[in-house]
Amino acid sequence: MQEVADEMLKYNFDLLAVQEIRWQGQGRIDKKDFSLIYSGPNMKTGLFGTGFLINKTVRGSILDYQTVNDRICKIRLKGKFRNVSIVSLPTRKVKMRRTAFTRLLMKSSPTSQDTI
(Lines of atoms letter the chains of each structure in order from A and count residues from 1; the text may use other names and numbers.)
(Lines give C-alpha, C1' and ligand atoms only; values in the text may rest on other atoms or scores of the structure.)
Protein backbone atom coordinates (compact mmCIF):
# COMPACT_ATOMS: atom_id res chain seq x y z
CA MET A 1 0.00 0.00 0.00
CA GLN A 2 2.80 2.43 0.85
CA GLU A 3 4.48 1.95 -2.55
CA VAL A 4 1.27 2.80 -4.40
CA ALA A 5 0.71 5.81 -2.14
CA ASP A 6 4.27 7.01 -2.79
CA GLU A 7 3.65 6.86 -6.55
CA MET A 8 0.36 8.69 -6.12
CA LEU A 9 2.10 11.49 -4.22
CA LYS A 10 5.04 11.54 -6.64
CA TYR A 11 2.75 12.21 -9.60
CA ASN A 12 0.45 14.54 -7.64
CA PHE A 13 -2.72 12.45 -7.97
CA ASP A 14 -5.52 13.27 -5.56
CA LEU A 15 -7.42 10.00 -5.92
CA LEU A 16 -6.72 6.49 -7.19
CA ALA A 17 -9.17 3.64 -7.60
CA VAL A 18 -7.46 0.43 -6.49
CA GLN A 19 -8.44 -3.18 -7.09
CA GLU A 20 -7.29 -6.55 -5.78
CA ILE A 21 -6.78 -5.23 -2.26
CA ARG A 22 -7.50 -8.77 -1.01
CA TRP A 23 -8.40 -7.71 2.52
CA GLN A 24 -11.42 -9.03 4.33
CA GLY A 25 -14.33 -6.73 5.21
CA GLN A 26 -14.46 -2.96 5.01
CA GLY A 27 -12.38 -0.23 6.57
CA ARG A 28 -10.50 3.01 6.41
CA ILE A 29 -6.81 3.55 7.08
CA ASP A 30 -5.66 7.13 7.67
CA LYS A 31 -1.97 7.92 7.32
CA LYS A 32 -0.20 11.29 7.42
CA ASP A 33 -0.32 11.95 3.65
CA PHE A 34 -3.15 9.72 2.44
CA SER A 35 -6.18 7.62 3.35
CA LEU A 36 -7.29 4.25 2.03
CA ILE A 37 -10.97 3.34 2.03
CA TYR A 38 -11.44 -0.30 1.08
CA SER A 39 -13.90 -3.15 0.97
CA GLY A 40 -13.47 -6.81 0.24
CA PRO A 41 -15.33 -10.08 0.60
CA ASN A 42 -16.71 -10.97 4.03
CA MET A 43 -15.07 -14.38 3.90
CA LYS A 44 -11.29 -14.67 3.89
CA THR A 45 -10.60 -15.61 0.26
CA GLY A 46 -7.50 -13.59 -0.61
CA LEU A 47 -9.29 -12.46 -3.77
CA PHE A 48 -10.87 -9.28 -5.09
CA GLY A 49 -11.38 -6.20 -2.97
CA THR A 50 -11.59 -2.62 -4.13
CA GLY A 51 -11.27 0.89 -2.77
CA PHE A 52 -9.87 4.37 -3.18
CA LEU A 53 -6.53 5.84 -2.18
CA ILE A 54 -7.07 9.51 -1.33
CA ASN A 55 -4.54 12.31 -0.99
CA LYS A 56 -4.68 14.28 2.28
CA THR A 57 -5.72 17.42 0.36
CA VAL A 58 -8.98 15.74 -0.73
CA ARG A 59 -9.61 13.77 2.46
CA GLY A 60 -11.96 16.40 3.90
CA SER A 61 -14.09 16.43 0.74
CA ILE A 62 -15.40 12.87 1.13
CA LEU A 63 -19.18 12.93 1.38
CA ASP A 64 -19.95 9.24 0.98
CA TYR A 65 -18.44 5.84 0.22
CA GLN A 66 -20.56 2.88 -0.84
CA THR A 67 -19.77 -0.70 -1.68
CA VAL A 68 -21.87 -2.54 -4.25
CA ASN A 69 -19.93 -5.81 -3.98
CA ASP A 70 -16.33 -6.97 -3.57
CA ARG A 71 -15.46 -5.61 -7.05
CA ILE A 72 -17.45 -2.37 -7.27
CA CYS A 73 -17.45 0.74 -5.07
CA LYS A 74 -18.36 4.41 -5.30
CA ILE A 75 -17.04 7.53 -3.65
CA ARG A 76 -18.74 10.93 -3.58
CA LEU A 77 -16.65 14.07 -3.18
CA LYS A 78 -17.64 17.66 -2.46
CA GLY A 79 -16.60 19.96 -5.29
CA LYS A 80 -16.39 23.73 -5.50
CA PHE A 81 -19.38 24.04 -7.83
CA ARG A 82 -20.68 20.46 -8.11
CA ASN A 83 -20.30 17.28 -6.14
CA VAL A 84 -18.61 14.42 -7.98
CA SER A 85 -19.32 10.68 -7.84
CA ILE A 86 -16.65 8.25 -9.01
CA VAL A 87 -17.46 4.59 -9.54
CA SER A 88 -14.71 1.99 -9.58
CA LEU A 89 -15.95 -0.80 -11.81
CA PRO A 90 -13.12 -2.97 -13.17
CA THR A 91 -14.27 -5.00 -16.16
CA ARG A 92 -11.13 -6.35 -17.79
CA LYS A 93 -11.08 -9.75 -16.08
CA VAL A 94 -14.70 -9.99 -15.05
CA LYS A 95 -16.88 -11.77 -17.60
CA MET A 96 -20.55 -10.99 -17.29
CA ARG A 97 -23.48 -10.46 -19.56
CA ARG A 98 -24.24 -6.95 -20.65
CA THR A 99 -27.53 -6.85 -18.73
CA ALA A 100 -25.85 -7.92 -15.49
CA PHE A 101 -23.16 -5.29 -16.02
CA THR A 102 -25.79 -2.60 -16.67
CA ARG A 103 -27.72 -3.60 -13.54
CA LEU A 104 -24.60 -3.30 -11.38
CA LEU A 105 -23.73 0.04 -12.92
CA MET A 106 -27.24 1.39 -12.32
CA LYS A 107 -27.14 0.11 -8.73
CA SER A 108 -23.97 2.12 -8.11
CA SER A 109 -25.09 5.26 -10.00
CA PRO A 110 -25.64 8.50 -8.15
CA THR A 111 -29.25 9.58 -7.88
CA SER A 112 -28.96 13.10 -6.58
CA GLN A 113 -29.87 16.06 -8.76
CA ASP A 114 -26.59 17.91 -8.39
CA THR A 115 -24.65 15.31 -10.36
CA ILE A 116 -23.78 15.53 -14.00
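Under UniProt numbering, the sequence shown has 23 at position 23, and the numbering climbs by one with no breaks. Ideal placement from N, C-alpha and C gives every residue a C-beta, glycine not left out.
Close Cβ partners of residue i (< 8 Å) along its chain, the five nearest in sequence each way excluded
{"i": "residue 4", "result": "16, 18 and 53"}
{"i": "residue 44", "result": "24"}
{"i": "residue 41", "result": "24, 47, 48, 49 and 70"}
{"i": "residue 33", "result": "5, 9, 55 and 56"}
Extent of the continuous alpha helix (DSSP H) to which residue i belongs
{"i": "residue 10", "result": "2-10"}
Rounded C-alpha distance that separates residue i from residue j
{"i": "residue 68", "j": "residue 83", "result": "20 Å"}
{"i": "residue 73", "j": "residue 85", "result": "10 Å"}
{"i": "residue 28", "j": "residue 64", "result": "13 Å"}
{"i": "residue 79", "j": "residue 61", "result": "7 Å"}
{"i": "residue 115", "j": "residue 36", "result": "Because the pLDDT at residue 115 is just 42, under 50, the model does not fix this residue reliably, and the value given afterwards should be weighed accordingly. Spanning the two alpha carbons is a distance of roughly 24 Å."}
{"i": "residue 26", "j": "residue 90", "result": "18 Å"}
{"i": "residue 13", "j": "residue 7", "result": "9 Å"}
{"i": "residue 2", "j": "residue 66", "result": "23 Å"}
{"i": "residue 58", "j": "residue 75", "result": "12 Å"}
{"i": "residue 100", "j": "residue 106", "result": "10 Å"}
{"i": "residue 87", "j": "residue 102", "result": "13 Å"}
{"i": "residue 77", "j": "residue 11", "result": "21 Å"}
Sheet register partners of residue i (DSSP bridge)
{"i": "residue 17", "result": "52"}
Where the beta strand (DSSP E) through residue i begins and ends
{"i": "residue 24", "result": "That residue, residue 24, is in no beta strand (DSSP E); it is neither H nor E in DSSP."}
Neighbourhood of residue i by C-beta, 7 Å cutoff - its chain only, sequence neighbours within 5 removed
{"i": "residue 21", "result": "38, 40, 49, 50 and 51"}
Sequence-distant residues of the same chain with beta carbon closer than 6 Å to residue i, five excluded per side
{"i": "residue 31", "result": "none"}
Contained beta strand (DSSP E) runs [length at least 3] in the stretch 37-90, N- to C-terminal order: 50-55, 62-67, 73-77 and 84-88
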